[in-house]
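Residue numbers (the working numbering): -3 to 152.
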């Protein structure tokens, strides 16, 4: 009797999505059920889930995860390893497939998010820079530079 089992393998896929002109995607990437605007670049090892929208002229670097219910405006830069979250574990555990417990995120125009930042379900206004490694836990209503955990605005 053998104790070695074969795993079930899944291939990276780009399916059921709408793309504007001049979109460049580096494989492997998982992109499904999304809308991506014109002149966008998506790096390798990126996952963009369904019910998301990416605006025009956006660059999403490698190893980033954009979960369901995220909308990103125009002219945005999402650096390497940025993680978007839609489940706040409001009952002390993952909501699982119960999408009624998931929350949405909206990113404005001209927003740059630094490497390894984590974005919880929030709204971020236009013209914001999020520093590398920052954790955005609350909505941002004023343009500027935000850093830290939790992310706070840098003073001039």
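Cβ atoms here follow ideal geometry from the backbone N, Cα and C, with glycine treated the same way.
Taking 8 Å as the upper bound for CB-CB distance, residue 107 and residue 63 are not in contact here, some 17 Å apart. Pairing residue 45 with residue 29 gives a Cβ-Cβ distance under 8 Å.
The shortest C-alpha to C-alpha distance from residue 115 to any of 88, 66, 92 is the one to 66. Residue 78 and residue 8 have their C-alpha atoms spaced approximately 19 Å apart.
In terms of Cβ geometry, residue 85 and residue 61 do not form a close pair [threshold 8 Å]. Within the same chain, Cβ atoms closer than 7 Å to the Cβ of residue 98 are found at 64, 65, 82, 83, 91, the five residues on either side in sequence being excluded.
Setting aside the 5 residues that flank it on each side, residue 132 is surrounded in the same chain by 113, 114, 115, 116, 118, 120, 126, 142, 146, 147, each with a C-beta closer than 8 Å to its C-beta; the list follows chain order. For residue 81, DSSP records no beta bridge to any residue. By the Cβ-count criterion, residue 11 is exposed, with fewer than 16 other Cβ atoms from all chains shown falling within 10 Å of its own Cβ.
For the 8 Å CB-CB criterion, residue 57 and residue 39 form a contact. Distances from the alpha-carbon of residue 35 to those of 16, 149, 59, 102 put 16 closest. If you draw a 10 Å sphere on the C-beta of residue 74, you find 16 or more other C-beta atoms in it, and that means buried. As a beta-bridge residue in DSSP terms, residue 101 pairs with 66. C-alpha of residue 1 to C-alpha of residue 26: approximately 26 Å in a straight line. A distance below 6 Å between beta-carbons, with the five flanking residues on each side excluded, links residue 55 to the following residues of its chain, in chain order: 37, 73.
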